[in-house]
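Each remark here refers to the structure printed beneath this line.
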Amino acid sequence: METFPVMYIIYPAVGVLAFLAVIANFLVPLGSRKQLRAILSQAQDMVKQNQEMVREDQFYRKFPIISPIGEISLLKSPGSRLYASDDNLQWSVEDPIMIKMRNVEDGLAFNVNCILYGPERLPFHQFVSWDNISIEGRSSNKDIIFEHSQQMHLSRNDSIDGIHPLYDESEDSRSNPIADRIARLTITYHDIFGEKYVTIHNYTRKRKWVTVTARKISSIDGKPPIDLKELNNQRKQ
């Protein structure tokens, strides 16, 4: 169960205390300087204590992190083949696919939306999940269903964080060889405080997930942070 952030209580209390100290400056007689200094000293001590409480609250408040679990599979239709002979995904498969996911940290994640982007050039050849589902903290694995969508308008170079594109076309490297890349999974979601987050994972020919980043979505060029669905709606206009 989420706790109410202590900072929401502390900051107003500190403001009230500071206000009372200012009032005391006018009400205390001129001869009571010692009493006034005691009031101000008490206020300063309380501010320091409150600042420590805020830092502690922020430290222990972990944000949700959504991670994929296991290999990508078809939802049903056992006669269909999802993987080609070279272990690449068959992006032309019309049946829905399934990826198991888990919230590995505390805190509810909701408005969860995902895109699995591969080498195919057309946006509607990618697999998306626009269901705005929620995943509880420290939850058991949850099956997320992906489908092709004609309402998908994002290109491979679009990015949520301004750093990592939806499809990885970075230079070949020993830690991230081009020959091993199949797809990139981008997941965005919100927490109960209104913050937006993104986790990005690469899927390899060995059917393993490699985490690229897990972070709060920051503003880009002074614009408010947006999630995948909001970015897709922008591209649609």
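Positions 1201 to 1437 (the numbering used here) are the ones given, in order, by the sequence shown. Note that CB positions come from ideal geometry on N, CA and C, so glycine has one too.
Which residue marks the beginning of the alpha helix (DSSP H) containing residue i, and which one marks its end?
i	result
Lys1429	Leu1428 to Lys1436
Considering only the alpha carbon of each residue, which of the options lies closest to residue i?
i	options	result
Asp1421	Ile1363, Gln1290 and Thr1404	Ile1363
Phe1310	Ser1359, Phe1346, Asn1288 and Tyr1389	Tyr1389
Thr1386	Lys1429, Pro1424 and Ser1370	Lys1429
Asp1306	Asp1391, Pro1425 and Lys1342	Asp1391
Asn1433	Arg1384, Met1352, Leu1322 and Pro1424	Met1352
Trp1409	Ile1345, Ser1267 and Asp1343	Ser1267
Glu1336	Arg1237, Val1312, Thr1411 and Gln1235	Val1312
Val1328	Leu1354, Ser1334 and Leu1308	Leu1354
Ser1332	Leu1308, Ile1417 and Pro1424	Looking at the sequence itself, residue 1332 is Asn, so the reference to Ser does not match. Among Leu1308, Ile1417 and Pro1424, the Cα nearest to that of Asn1332 belongs to Leu1308.
What distance in whole Å lies between the Cβ atoms of residue j and residue i, which are believed to be in contact at a cut-off of 8 Å?
i	j	result
Ser1349	Phe1324	6 Å
Asp1427	Lys1406	Between Lys1406 and Asp1427 the Cβ distance is about 30 Å, and since that is not below 8 Å, they are no contact.
Pro1365	Asp1358	7 Å
Asp1368	Arg1415	About 17 Å separates the two Cβ atoms, so there is no contact after all.
Tyr1403	Arg1356	Rounded, the Cβ-Cβ distance is 15 Å, inconsistent with contact.
Asn1303	Ile1345	That pair is no contact at about 17 Å.
Asn1341	Ile1269	5 Å
Counting along the chain, where does the beta strand (DSSP E) carrying residue i start and finish?
i	result
Trp1291	No beta strand (DSSP E) contains Trp1291, which DSSP labels as neither H nor E.
Ala1383	Arg1381 to His1390
Ile1297	Ile1297 to Asn1303
Ile1400	Lys1396 to Thr1404
Ile1345	Lys1342 to Phe1346
Ser1334	Phe1327 to Ile1335
Ile1266	Ile1266 to Leu1274
Ala1414	Trp1409 to Lys1416
Leu1465	Nothing can be reported for residue 1465, as the shown portion of the chain is limited to 1201 through 1437.
Would a check of beta-carbon distances place residue i closer than 9 Å to chain D?
i	result
Val1412	Chain labels in this structure do not include chain D; a single protein chain is all it has.
Short of 7 Å in beta carbon distance, which residues of its chain neighbour residue i, apart from the five on each side in sequence? Order them along the chain.
i	result
Tyr1260	Because the pLDDT at Tyr1260 is just 42, under 50, the model does not fix this residue reliably, and the value given afterwards should be weighed accordingly. Taken in chain order, the list of residues that qualify is empty.
Phe1271	First, the residue type needs correcting, since residue 1271 is Glu and not Phe in the sequence shown. So the qualifying residues of the chain are Arg1407.
Ala1383	Leu1289, Leu1316, Tyr1317, Gly1318 and Tyr1403
Starting from the C-beta of residue i, find all residues in its chain whose C-beta is less than 8 Å away, skip the five residues before and the five after it, and write them out in chain order.
i	result
Arg1321	Arg1356
Arg1281	Gln1290 and Val1293
Asn1277	First, the amino acid is wrong: residue 1277 is Ser here, not Asn. Excluding sequence neighbours, Ser1277 sits near Asp1295.
Going along the chain, which residues of its own chain have a beta-carbon closer than 6 Å to the beta-carbon of residue i, five neighbours each way excluded?
i	result
Phe1393	none
Ser1273	Met1298
Thr1411	His1401
Review point. Between the segment 1296-1306 and the segment 1373-1382, do three or more beta carbon pairs fall short of 8 Å?
Key: The segment 1296-1306 vs the segment 1373-1382: no contact.
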